[in-house]
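What follows is a single structure, written as structure tokens, with notes after it.
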Amino acid sequence: MSKKQSLLKNGNKSSLIATIVNTIIAIIKGVAFFFTGNVAMFAETMHSLGDAANQFFVFIGSALSKKMPTENYPNGFGRLVNLVLLGAVLIVGIMSYETIKEGFLHIQHPTESKGIAINLSVLGLAAILESYVLFKAMKEVLHEAHVEASGFAAVGKSFSHLGKATPATKLVFMEDLVATLGGLIAIIGILLSYYGGFHAAEGIASIIIGIMMFYVVGKVFLDNAKGVLGEADEDLENKIAEFIFTNPEIKDIKTLFAMKEGEDFHIEMKLEIEPNLTVKEAFQIKDRIEKEIQSIKGVTDVIIEFVEDDGVKTWSQGLVSN
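What follows is the structure, given as structure tokens:
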């Protein structure tokens, strides 16, 4: 197996599934729009196209972020997935603009669309497929958060633990949640237009779908901007601090960083120890702490520095002094 193939195997699985499913959905919706001219179907076509392209870049970015450090890039490629996602949201932003623009044009010049049977059939099928991808993303969220749940219990728990998911999984989750809701909104708009004579409803549905897409753009942009800058994970820092203080030789924590590097974590700390410890004893303590922290899923490297205890308490519960 080539290095490229081996690297792609490490890509985010939920984003790969979403790419394939959304490509199929986009083609089906595009064909339906071509024959019916329904503006709500146009909005859904653009939405699915944007999602497919976006999630493809997510898959590639998540795979490349697993690449091992090189001489030129000794810190690795962890944050590459954040950079790719920042670029990918531009695609969704353009799609969102086009969707909202078409919605306004339809409201200004409402026309009766045709082929209600085709539109409803396609949107119904798309909703089923997108719900499947969404559920797979929910399961991936729970897997990355180390939470056990099955059936409908997985739905609620996935929302409450979404913040612990990787950037790629979080994006797939949000995009397919919006896609599923967007399909239902499009169906409502078509029904109001066809049976209620309210033809502008399709344009309104298109605008709502576009606004929802913009929300995803904003949310993903902010989350991944933090990742590019190197966001600290306070929960992980506190978890590590609790373990460190189970070692009686450690008197205080001077500094402790748990920095997100894409989907992984870089841990760096400065610990205060008893001044009468030998070098051999200090190395044994260091190895013990490193081994335990490296067993945490997602942690790729740990840097520990020891200094003599200065008698001044720096660490207090729930607060890391950086």
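FYI, the numbering for the sequence shown is 2 to 323, going by our numbering.
Don't be surprised by glycine CBs; every beta carbon is placed ideally from N, CA and C.
If you measure between the beta carbons of residue i and residue j, is that distance less than 9 Å?
i, j, result
"Ser63", "Val82", "yes"
"Gly183", "Ala44", "yes"
"Pro111", "Gly38", "no"
"Glu145", "Val93", "no"
"Phe174", "Ala138", "yes"
"Leu65", "Leu172", "no"
"Ile191", "Met42", "yes"
"Phe215", "Ile294", "no"
"Thr170", "Ser16", "yes"
In angstroms, rounded to a whole number, what distance separates the CA positions of residue i and residue j?
i, j, result
"Phe266", "Asn55", "24 Å"
"Leu84", "Asn225", "7 Å"
"Ile29", "Val123", "7 Å"
"Glu275", "Ser296", "26 Å"
"Ile290", "Leu135", "38 Å"
"Leu143", "Ala155", "8 Å"
"Ala118", "Glu99", "25 Å"
"Ile210", "Leu178", "12 Å"
"Phe60", "Ser159", "21 Å"
"Lys14", "Tyr133", "14 Å"
"Gln109", "Ala187", "18 Å"
"Phe105", "Ala202", "11 Å"
"Asn239", "Thr247", "13 Å"
"His200", "Ile212", "20 Å"
"Glu273", "Asp236", "22 Å"
"Leu223", "Ser161", "19 Å"
"Ile304", "Gln285", "15 Å"
"Leu91", "Ile208", "18 Å"
"Thr221", "Lys314", "One point to set straight first is that residue 221 is Val, not Thr, in the sequence displayed. Taking the straight line joining both Cα atoms gives about 39 Å."
"His107", "Lys115", "14 Å"
"Glu113", "Ser194", "7 Å"
"Glu166", "Lys292", "With the sequence shown as reference, residue 166 is identified as Ala, and Glu is not the correct amino acid for it. So the two alpha carbons sit approximately 24 Å from each other."
"Ile129", "Gly164", "26 Å"
"Phe153", "Lys281", "53 Å"
Among the options, whose alpha-carbon lies nearest the alpha-carbon of residue i?
i, options, result
"Asp52", "Leu65, Lys30, Thr24 and Asn239", "Thr24"
"Lys102", "Phe258, Met47, Tyr195 and Glu238", "Met47"
"Ala242", "Phe174, Asp311, Glu269 and Leu192", "Glu269"
"Leu257", "Asn248, Lys271 and Asn277", "Lys271"
"Glu306", "Lys298, Lys314, Glu293 and Asp288", "Asp288"
"Ile26", "Phe215, Met260, Glu131 and Leu65", "Glu131"
"Ala283", "Glu250, Leu50, Ile129 and Lys255", "Glu250"
"Thr147", "Lys298, Val308, Thr315 and Val303", "The sequence shown places His at residue 147, not Thr. That would be Lys298, whose Cα lies nearest to the Cα of His147."
"Met96", "Ile294, Val218, Gln285 and Glu309", "Val218"
"Ile50", "Leu86, Gly164, Phe222 and Thr20", "The displayed chain sequence assigns Leu, not Ile, to residue 50. With distances taken between Cα atoms, Leu50 lies closest to Thr20."
"Asp311", "Ile254, Phe153 and Asp302", "Ile254"
"Gly88", "Phe58, Val280 and Lys115", "Phe58"
"Ile18", "Val280, Glu141, Gly152 and Tyr195", "Glu141"
"Lys261", "Asp302, Asn277, Thr279 and Lys281", "Asp302"
"Asp234", "Val300, Ala169, Lys252 and Leu185", "Val300"
"Ala206", "Tyr196, Gly198 and Leu185", "Leu185"
Taking the beta strand (DSSP E) that residue i falls in, what are its first and last residues?
i, result
"His267", "Asp265 to Ile274"
"Phe307", "Val300 to Glu309"
Between which two residues does the alpha helix (DSSP H) containing residue i stretch?
i, result
"Ser159", "Ala154 to Ser161"
"Ser63", "Val40 to Leu65"
"His144", "Ile117 to Glu145"
"Gly94", "Leu81 to Gln109"
"Phe244", "Glu235 to Ile245"
"Ala283", "Val280 to Gln295"
Compute every distance between the C-beta of residue i and the non-hydrogen atoms of the ligand ADP, then say whether any falls below 8 Å.
i, result
"Val313", "Looking at this structure, you won't find the ligand ADP or any other ligand, since it has none at all."
Alpha helix (DSSP H) runs wholly inside the region 193-227, at least 4 long, in chain order | none
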